[in-house]
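Which chain is which? The protein sequence lines are L and C, in order. Residue 8 is where the first sequence starts when you use the numbering used here, and the numbers rise one by one after that. Residue 8 is where the second sequence starts when you use the numbering used here, and the numbers rise one by one after that. Just so you know, even glycine gets a beta-carbon here, dropped at the ideal spot from N, CA and C. All values derive from a computational prediction rather than experimental measurement. Right, one structure below, let's go through it.
2 protein chains.
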Amino acid sequence: MREPDPRARQARSERAIGVGRLQDQIGYALRRAQLSVFADIIAVLAEFDLSPAKFSVLSVIRENPGASSSDVGRVLEIRKANFAPLLDALEQRDLVVRRASEEDRRTFALYLTPKGRALLARATRAQCRHEARLVARIGESGRVQLLELLDRLTQVSAATVGADGRPEEDTKRPARKA
Amino acid sequence: MREPDPRARQARSERAIGVGRLQDQIGYALRRAQLSVFADIIAVLAEFDLSPAKFSVLSVIRENPGASSSDVGRVLEIRKANFAPLLDALEQRDLVVRRASEEDRRTFALYLTPKGRALLARATRAQCRHEARLVARIGESGRVQLLELLDRLTQVSAATVGADGRPEEDTKRPARKA
DNA sequence: TATTGTTATACTCTATAACTATA
DNA sequence: TATAGTTATAGAGTATAACAATA
């Protein structure tokens, strides 16, 4: 995919255009794949009235019962100001409880309720079926390769960490303009 | 690759928690990689006052001079209602021109201006340096493998197409609730 | 002084609906 | 009737700032 041929373009219907070199760029391919995969994830989790973010929060609480809001927010890179209303919604649905901590009275310890555990179990099974559909497309070896490659691309870039190697502020990078 | 010193975390009374099984899920890994890669892309393109979306629009117009708004919007999956103000911004900066079409007086033919071509050339060179940084992490063979795997994951899912196989509405999937 | 958690708020993306002018 | 393009607007998601309680 190099130079577009003007005659070929004329020969085509004028609707048939391509993205050109964009197609071979990692960022563009990553974004398209992520949107495509998430379209399915979102549809799957919507059956349980869960967004991907809520599903990930429930999963992390299940794996780390008693963790605080800041712990869970940090590992998922959700800012505290956005985490509070998300947690409110989960607590109002009786999926999660905030219990006062005795050691540090500023924090709450987070736990799944029985209802939360049951819902998450069902959602996780559906999510696994979704994952199986993806593996059917790329194979088990493709999955292993992909996770390895993605992990090597996922790094804290130089712009997002301070001199001590810790993320600045609230775990995220500074905003940039358009 | 995240926290260099576990004791530093304890000093801040942070609990060492992990994301559990989430780590091995394709969707989660995809999203984290995409955000990480885009953080760099956004920073690179911000030097030229371009968002990834604007960069992609300029690129597609360069590869398809004379294409219409709906053509470009369709191939990039940008809805027409969102495409109009985006084009306005590019035209106000004298990077793109809308020329009236004689064949179909409803449409405009889009072209880069000389200024647009020059800016896009510089932005593309910076974007290539960004791409080279990514390839340095995964190798050229890793890049080829990755693009192949991502392409196989990028599909029009069953939920997004009508019975005739064509995307519904405005090229995108129906909205789902939280 | 620093951190946890909350609220208020703003900005960006992306979505739908309604409209026009053409076809 | 259907499509190209515009405008208005609403909803997510995500950002900052300021604050109270606690460390």
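{"query": "Contact list for L:G34 against chain C, beta-carbon separation under 9 Å", "result": "Q41, V44, F45, D47, I48, P59, Q134, H137, E138, L141"}
{"query": "Burial state of C:R113, where buried means 16 or more other Cβ atoms lie within 10 Å", "result": "exposed"}
{"query": "Min CB distance L:G146 to chain C below 7 Å", "result": "no"}
{"query": "L:V104 (DSSP reduced to helix, strand or coil)", "result": "strand"}
{"query": "Cα-Cα separation, C:V67 to L:E138", "result": "33 Å"}
{"query": "Distance CB(C:E70)-CB(L:G27) smaller than 7 Å", "result": "yes"}
{"query": "Chain L within 7 Å of C:S164, Cβ atoms only", "result": "Note that C:S164 has pLDDT 49, beneath the 50 cutoff, so the model's placement of it is unreliable and the number below is only indicative. It does: the Cβ of C:S164 has a partner Cβ on chain L nearer than 7 Å."}
{"query": "L:G34 versus C:Q41: straight-line alpha-carbon distance, rounded", "result": "7 Å"}
{"query": "Same chain, Cβ closer than 7 Å to L:R106, five either side skipped, listed in chain order", "result": "F115, A116, Y118"}
{"query": "Check whether C:F45 and C:A130 have beta carbons under 7 Å apart", "result": "no"}
{"query": "Within-7 Å CB hit, L:R38 to chain C", "result": "yes"}
{"query": "Span of the beta strand (DSSP E) around L:R45", "result": "According to the sequence shown, residue 45 of chain L is Phe rather than Arg. Per DSSP, L:F45 belongs to no beta strand (DSSP E); it is in the alpha helix (DSSP H), 33-53."}
{"query": "Where the alpha helix (DSSP H) containing L:L127 begins and where it ends", "result": "121-160"}
{"query": "DSSP bridge partner residues for C:A116 (one or two, in chain order)", "result": "C:R106"}
{"query": "Cα-Cα separation, L:R38 to L:A96", "result": "29 Å"}
{"query": "CB of C:R159 within 7 Å of CB of L:R144, strictly", "result": "yes"}
{"query": "Under 9 Å from the C-beta of L:A107: neighbouring residues of chain C", "result": "Per Cβ cutoff of 9 Å: no residues; L:A107 is ~16 Å from chain C at best."}
{"query": "Residue-level contact to chain C via CB, L:D95, 7 Å cutoff", "result": "no"}
{"query": "Buried versus exposed, by CB contacts within 10 Å (16 or more), C:A23", "result": "exposed"}
{"query": "Cutoff 7 Å: L:R124 Cβ touching any chain C Cβ", "result": "no"}
{"query": "Proximal chain L residues relative to C:G80, where beta-carbon distance stays under 7 Å", "result": "What C:G80 touches in chain L: nothing, since even the nearest Cβ is about 11 Å away."}
{"query": "Rounded distance between the beta-carbons of L:V64 and L:L93, thought under 8 Å", "result": "7 Å"}
{"query": "L:F90 versus C:A36 - alpha carbon distance", "result": "21 Å"}
{"query": "Extent of the continuous alpha helix (DSSP H) run through C:R22", "result": "Looking at the DSSP string, C:R22 is not in any alpha helix (DSSP H), and its letter there is neither H nor E."}
{"query": "With 16 other Cβ atoms within 10 Å as the buried cut-off, status of C:G172", "result": "For C:G172, the predicted model reports a pLDDT of 38, less than 50, meaning its position is unreliable and no value from the coordinates is stated."}
{"query": "Where C:I68 sits in the DSSP three-state scheme", "result": "helix"}
{"query": "Within chain C, partners of L:L160 - CB distance below 7 Å", "result": "A40, S43, V44, L141, R144, I145"}
{"query": "Same chain, Cβ closer than 7 Å to C:L83, neighbours up to 5 away in sequence not counted", "result": "S63, V64, V67"}
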